[in-house]
Amino acid sequence: MGHEVGVTPLQMTVAMATIANGGKLITPRIVKSVTAADGKTIAEFTPQPVRQVISLQTAQQLSNALRGVVSDRGTAAAAAVAGFTIAGKTGTAQKVDPHGGYEHGKYVVSFTGFLPADHPEFVGLVVLDDAKTSKPEQNYGGLIAGPIFARIAEKAARYLDLEPHPELIKPTAAGRVASTLASRR
9 MGHEVGVTPL QMTVAMATIA NGGKLITPRI VKSVTAADGK TIAEFTPQPV RQVISLQTAQ
69 QLSNALRGVV SDRGTAAAAA VAGFTIAGKT GTAQKVDPHG GYEHGKYVVS FTGFLPADHP
129 EFVGLVVLDD AKTSKPEQNY GGLIAGPIFA RIAEKAARYL DLEPHPELIK PTAAGRVAST
189 LASRR
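Its first residue numbered 9, the sequence shown is counted upward by one per residue in our numbering.
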């Protein structure tokens, strides 16, 4: 999350999950359950709250601010998923030069977020270390990692069988261009 702040991807994800969970720190888990070959569940691992680390009010305020990041005017508009509210945070940091200072043109970019922002069911993180892009001057978390997050979050929403909000479904970029061109005729 920027220069001089060293956190692991898991720490970033746990921080975002804490906001999504109303300020409650939850022990991270990688495995939800273990299933035998016959389909029978052998073990199930339920989320374990550790403690309230920020107030519910603070978590809600942060969530509202993070929703702005994925708005049309935010730094990660490309992380939007049609039909869902997203709350998220971009990250862009120059890579440290082992000989001192920072490496020119080399970045670690990220986007972490959750959806739906009002009742979170999915928290995710995308981190790209020294991404190679056709336009290096646009190597920012919102522009590079945001769209990848959107594709993953969209698949997660389908997998979790989350119902999209029809009023949040926007036309695709091609649809916007076509309607813009049609309105000029």
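The beta carbon of each residue, even a glycine, is placed where N, CA and C say it ideally should be. No experiment lies behind these values; they were computed from the predicted model shown.
What do you get for residue i, buried or exposed, if any count of 16 or more other CB atoms within 10 angstroms of its CB means buried?
| i | result |
| --- | --- |
| Y110 | exposed |
| N39 | For the sequence presented, residue 39 should be read as Val rather than Asn. Classification for V39: exposed. |
| L151 | buried |
| P106 | exposed |
| V78 | buried |
| P55 | exposed |
| G149 | buried |
| V15 | exposed |
| V89 | buried |
| S41 | exposed |
| T43 | exposed |
Let's see if you can read the secondary structure: which residues bound the beta strand (DSSP E) around residue i?
| i | result |
| --- | --- |
| L33 | 32 to 34 |
| T98 | 95 to 104 |
| G121 | 110 to 123 |
| A51 | 49 to 52 |
| V134 | 130 to 137 |
| P57 | 57 to 60 |
| S41 | 41 to 43 |
Mind checking whether residue i and residue j have CB atoms under 8 Å apart?
| i | j | result |
| --- | --- | --- |
| A84 | T98 | yes |
| F119 | V134 | yes |
| A87 | A158 | yes |
| T21 | V131 | yes |
In the DSSP assignment, the alpha helix (DSSP H) including residue i goes from what residue to what residue?
| i | result |
| --- | --- |
| R75 | 64 to 77 |
| V22 | 17 to 28 |
| Y148 | Y148 -> no alpha helix (DSSP H), and no H or E assigned at all. |
Among the options, which one has its Cα closest to the Cα of residue i?
| i | options | result |
| --- | --- | --- |
| P155 | A45, H173, L136, Y167 | L136 |
| G96 | T54, Q69, V104 | Q69 |
| Q60 | A90, A45, T43, N29 | N29 |
| P36 | V42, G47, Q19 | Q19 |
| A161 | A44, V42, T93 | T93 |
| D126 | Q102, L170, K48, A44 | L170 |
How long is the line joining the alpha carbons of residue i and residue j, rounded to whole angstroms?
| i | j | result |
| --- | --- | --- |
| P124 | K143 | 31 Å |
| L64 | T26 | 10 Å |
| P1 | I34 | Since the first residue shown for the chain is 9 and the last is 193, residue 1 is missing from the structure and cannot be characterised. |
| R75 | I50 | 39 Å |
| A23 | Y115 | 22 Å |
| P17 | E175 | 33 Å |
| A139 | E145 | 12 Å |
| Y167 | E129 | 11 Å |
| N147 | K163 | 24 Å |
| H173 | G82 | 21 Å |
| T66 | K32 | 11 Å |
| D80 | F53 | 38 Å |
| Q102 | A153 | 15 Å |
| A165 | A45 | 27 Å |
| G108 | S71 | 37 Å |
| I62 | V104 | 32 Å |
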